[in-house]
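Written out below as structure tokens is the structure these notes cover.
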Amino acid sequence: LSGLEVLCSLRWQTKPMKAIRALCGHGQVTRSMLKLRSANRCHVYALYGRSWGRKSFSSQVAALRELTGGEVIFNMLIEHGVDTVFGYSGGAVLPLIDAFHGKNIKWITSAHEQCSGHSAAAYAKSTGKFGVAIVTSGPGLTNMVTPMQDALTDGVPMVVFSGQVPTGAMGTDAFQECPATEITRSCTKWNYVCLDFNQLPWAVNEAFRIAKSGRPGPCHIDLPKDIVSMSAKVPEAIFKKASVSSADAPPMLDMTAVQKAADLINKSKRPILYVGQGASHCPEIVSQIAHKANIPVTTTCHGMGIFDEQDPLSMHMLGMHGAAYANFAIQNADCIIAVGSRFDDRTTGIVAKYAPKARAAEKDGSGGIIHINIDKSTFGKVLQPTVALWADTEHALEALEPLVSTNTREEWLKQCQAWKKEHKFNYVKAPGGRLKTQQVIEAVNTHLEQKPPTKEVFVATGVGNHQMMSCQFIRWKKPRTFITSGSLGVMGAGLPFAIGTQVANPDALTILIDGDGSFGMTNMDLQTVKRYKLPIKIAIMNDDRQQMVWIWQRLFFEGRYISVTNDNPDFVALAQAYGIKAVHCDNEADLPKVIEEWLTSDGPMLVDFKVVPDICLPMVAPGKALDEMILLQDRDAVLGTEEELGSMKFEGLAPS
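Residues 312 to 967 in the working numbering are what the sequence shown lists, from first letter to last.
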């Protein structure tokens, strides 16, 4: 588009008459019909060269329906394509949830408001659609803070509605009152307390618009009880069908920057694609560019599966516990193309030592760092890119593809393959046929590859060793299939994540790989699994510890252990108390048959895997460069023996 055309299209949205005159005055329109609609009149503007006239006529009086505020919100959700809501009841929110009774939006009751929020987020993570949660006032809302912050940092489109005390009681410390929007301001993209019935439709539309525009995130609307209870005659026009996308238009593409990026890629000898979840919607074009130019691909944990990890060009996940070969490739690449990623500290190591070869190539114009992101605020937040492309990743890559040259890059690919062969993920087996977490997850992956299910497969996790080992020992083939808490690292999110994923994808195989510590935080949500008969397959990596933190205390605090051991219940008996099939497994001889039974069972099933604690390797220690890793061969020097600490000493701050 020319600048004039862009200007006129923007003017059309707010000042259509001026836009028409601008087009006519510059000879851009010779003859056309432009229609404007409003609630009461319809105007048709006929343009004949530079002369134009207006013909107006009255439309029929709009139909009115008497609705409560809760019914207005319900109908707005229908128009936004919402088919499922996660929530928990309470006095202040009753006028809203009453509107759902017997209607065609599925209501999923969780065991706790935090579980409702995480399940709504997983619904969004696994589908790309909106996740919606509804909770009551006071503690109902405060229990949602963690899911909202998690959704904000992980870029999840979520809309939360909370009940509130009546407007007349606000500010009086009434029962179950809290300053909801003050609390959620920092953990949402936008929030709003609705004090006027007439603002309800606008507020709902605004929440959905902002949640999906740019980098997605959560929005929150606080609803005083009297506003939602109020009735009024509402015109049908309020509920006009929502557009295909309620989000703002993506940024315009700077083709000068695109050409500069293409030139750097073509000049480079050792490029690498560093892909994050911002490219989840466009795996095809990522693959097309990678194969055309023979560029290896590494991903963040949320980006796993965007590029098929069984492809020879895949370097799998990078970062603190990522593949050593991916970290080596990043540090030796002369051109890093960051697509929908944000240079999180877990993927960079110490920034001062990050990407030395790309920085050197930047100086002589033969490479550098190209950063493609729809969120402009990410540019320069961690490091300054050579070229910043503010755009939807799909648009940017589609513009880049014809400009990127075909290239064999044999030497670079040979080096990457050598790193993959030398530093593949591995572990030391436990003596006596006992199990390690890595071994169980590896066996799960083997079963899925040797006997691939006819269903789509999703894997949810909690946070800890089991999470990182799932990244390492499962090969990811499709985007949006690994459902986990990234930036915030929320222990306990695993089970509600699995629930939200299964609800969103009822015909899929949903697997939860959880740690005993994480599972202990939200295992009451087993009642939700039972209530809705969700066929989730639950695996608990039970080492009776918060093992990742135990390791840090051993390495950075000279083995002074505190608050890292778990006094667990019998998880099998717990699951059986909810009517869920469950078994124990503690040895490698039984492992294949247990996994076979578990993954092929008809309904929900839990397996309590009794595992030997271990360290998650590779590991980039704090203050170290991305390629200064503790590798498997360093394990004994790091851990030492039961009687003595390891010989490798650690200084500085332990990891977060």
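The C-beta atom is built at its ideal place from N, Cα and C for all residues, glycine as well.
Name the residue from 769, 784, 865 whose alpha carbon lies nearest to the alpha carbon of residue 806.
By 1-based counting over the sequence shown, the position of residue 806 is 495. Out of 769, 784, 865, 769 has the C-alpha closest to the C-alpha of residue 806.
With a floor of 4 residues, list each alpha helix (DSSP H) that falls wholly inside the region 519 to 572, ordered by position along the chain.
If we require 4 residues or more, the alpha helix (DSSP H) runs fully inside the region 519 to 572 come out as 536 to 540.
Report the CB separation of residue 304 from residue 927 in whole angstroms; it is logged as a contact under 8 angstroms.
A question about residue 304 goes unanswered here, because the residues of the chain that appear run from 312 up to 967.
Can you check the region 644 to 705 for any alpha helix (DSSP H) of at least 4 residues that lies completely inside it and give the ranges in chain order?
Listed in chain order, they are 656 to 659, 667 to 675.
What residue from 395, 686, 910 has the CA that sits closest to residue 527's CA?
Against the sequence shown, residue 527 aligns to sequence position 216. It is 686.
What do you get for residue 898, buried or exposed, if any count of 16 or more other CB atoms within 10 angstroms of its CB means buried?
Numbered from 1 along the sequence shown, position 587 holds the residue referred to as residue 898. Under this definition residue 898 is an exposed residue.
CA-CA distance, residue 696 and residue 851?
As a working mapping, residue 696 is identified with position 385 in the sequence shown. As a working mapping, residue 851 is identified with position 540 in the sequence shown. Approximately 42 angstroms between the Cα atoms of the pair.
Could you tell me whether the Cβ atoms of residue 381 and residue 409 are closer together than 8 angstroms?
Taking the sequence shown and counting its residues from 1, the one referred to as residue 381 is at position 70. Taking the sequence shown and counting its residues from 1, the one referred to as residue 409 is at position 98. Against a cut-off of 8 angstroms, the Cβ pair of residue 409 and residue 381 comes out as a contact.
For residue 496, which residues from the same chain have a beta carbon less than 8 angstroms from its beta carbon, with the 5 sequence-adjacent residues on both sides left out?
Taking the sequence shown and counting its residues from 1, one reaches residue 496 at position 185. Taken in chain order, the residues that qualify are 502.
Since I believe residue 607 is in contact with residue 711 (beta carbons under 8 angstroms), could you give me their beta-carbon distance rounded to a whole number of angstroms?
Start at 1 with the first residue of the sequence shown, and residue 711 comes out as number 400. Start at 1 with the first residue of the sequence shown, and residue 607 comes out as number 296. Not quite, the Cβ-Cβ distance comes to about 17 angstroms (not below 8 angstroms), so this is no contact.
When the Cα atoms are used, what is the spatial distance from residue 541 to residue 804?
In the sequence shown, the residue the question calls residue 541 occupies position 230. In the sequence shown, the residue the question calls residue 804 occupies position 493. In a straight line, the C-alpha of residue 541 is about 36 angstroms away from that of residue 804.
Going straight from the alpha carbon of residue 943 to that of residue 949, what length do you get?
Here residue 943 corresponds to residue number 632 of the sequence shown, with the count starting at 1. Here residue 949 corresponds to residue number 638 of the sequence shown, with the count starting at 1. The alpha-carbon atoms of residue 943 and residue 949 are separated by roughly 10 angstroms.
Quick check: what's the CA-CA separation for residue 655 versus residue 433?
The residue given as residue 655 occupies position 344 in the sequence shown. The residue given as residue 433 occupies position 122 in the sequence shown. Rounded to whole angstroms, residue 655 to residue 433 spans 21 angstroms at the Cα level.
Who does residue 503 pair with in a DSSP beta bridge?
In the sequence shown, counting from the first residue as 1, residue 503 sits at position 192. According to DSSP, residue 503 bridges with 532.
If I measure Cβ to Cβ from residue 673 and keep anything under 8 angstroms in the same chain, skipping five residues before and after, which residues do I get?
Numbered from its first residue, the sequence shown carries residue 673 at position 362. These residues qualify, in order along the chain: 679, 680, 697.
So is residue 912 buried or exposed if we call it buried at 16+ other beta carbons inside 10 Å?
Stepping through the sequence shown from its first residue, residue 912 is reached at position 601. It is exposed - the Cβ of residue 912 has fewer than 16 other Cβ atoms within 10 Å.
Quick check on the burial criterion: 16 or more other C-beta atoms within 10 angstroms. Buried or exposed for residue 448?
Residue numbering aside, residue 448 sits at position 137 when the sequence shown is read from its first letter. When all chains shown are included, residue 448 counts as buried.
If distances are taken between C-alpha atoms only, which option among 930, 854, 637 comes closest to residue 1035?
The shown model of the chain, from 312 to 967, leaves out residue 1035, and the question about it has no answer.
Any idea which residues DSSP pairs residue 895 with across the strands?
Counting from one through the sequence shown, the residue named residue 895 turns up at place 584. BP columns for residue 895 point to 919.
For residue 928, does the three-state DSSP call read helix, strand or coil?
Within the sequence shown, numbered from 1, the residue matching residue 928 stands at position 617. Coil, per DSSP.
What are the start and end residues of the beta strand (DSSP E) that includes residue 474?
The count along the sequence shown starts at 1 and reaches residue 474 at position 163. Run containing residue 474: 469 to 475, per the beta strand (DSSP E) assignment.
Can you tell me the Cα-Cα spacing of residue 694 and residue 858, whole angstroms?
Working through the sequence shown from its first residue, we reach residue 694 at position 383. Working through the sequence shown from its first residue, we reach residue 858 at position 547. Looking at the two C-alpha atoms, the distance is approximately 32 angstroms.
Run through DSSP, which three-state label would residue 825 get?
As a working mapping, residue 825 is identified with position 514 in the sequence shown. Note: residue 825 maps to strand in three-state DSSP.
Taking 8 angstroms as the threshold, find out whether the region 414 to 429 comes into contact with the region 814 to 833 through three or more Cβ pairs.
These segments touch.
CB residue 1004 to CB residue 937, shorter than 8 angstroms?
This structure leaves residue 1004 out entirely; the chain is present only between 312 and 967.
Does DSSP put residue 831 in a helix, in a strand, or in coil?
Counting from 1 along the sequence shown, the entry for residue 831 is found at position 520. Residue 831 falls in the helix class under three-state DSSP.
What first and last residue would you give for the beta strand (DSSP E) that runs through residue 444?
Within the sequence shown, numbered from 1, the residue matching residue 444 stands at position 133. 442 to 446 is the span of the beta strand (DSSP E), which, as asked, contains residue 444.
If you count every other CB in all the chains shown that lies within 10 Å of the CB of residue 486, and 16 or more means buried, which is it?
Numbered from its first residue, the sequence shown carries residue 486 at position 175. By the neighbour-count rule (16 or more Cβ atoms within 10 Å), residue 486 is not buried but exposed.
Count Cβ pairs between the region 434 to 441 and the region 815 to 825 that sit closer than 8 angstroms; are there 3 or more?
Yes, they touch.
Is residue 370 helix, strand or coil when you go by DSSP?
Position 59 of the sequence shown, counted from the first residue, corresponds to residue 370. Low local confidence applies: a pLDDT of 44 at residue 370 is under 50, so the model's placement there is unreliable, and no value is given.
Please state the DSSP three-state secondary structure of residue 724.
The sequence position of residue 724 within the sequence shown is 413, counting from 1. Of the three classes helix, strand and coil, the one that applies to residue 724 here is helix, per DSSP.
Assign residue 912 to one of three DSSP states: helix, strand, or coil.
Residue 912 sits at position 601 when you count from the first residue of the sequence shown. Here residue 912 sits in coil by DSSP.
May I ask you to report which of helix, strand or coil DSSP gives residue 841?
Position 530 of the sequence shown, counted from the start, is the residue given in the question as residue 841. The answer is helix: DSSP assigns residue 841 an H, G or I state.
Tell me whether residue 484 is buried or exposed, calling it buried when 16 or more other Cβ atoms sit within 10 Å of its Cβ.
Residue numbering aside, residue 484 sits at position 173 when the sequence shown is read from its first letter. The residue is exposed, with fewer than 16 neighbouring Cβ atoms inside 10 Å.
Just the C-alpha distance for residue 468 and residue 822, rounded to the nearest angstrom, thanks.
What you label residue 468 is simply residue 157 of the sequence shown in a count that begins at 1. What you label residue 822 is simply residue 511 of the sequence shown in a count that begins at 1. Looking at the two C-alpha atoms, the distance is approximately 23 angstroms.
Taking all protein chains shown into account, decide if residue 872 is buried (16 or more other Cβ within 10 angstroms of its Cβ) or exposed.
The count along the sequence shown starts at 1 and reaches residue 872 at position 561. Result: exposed.
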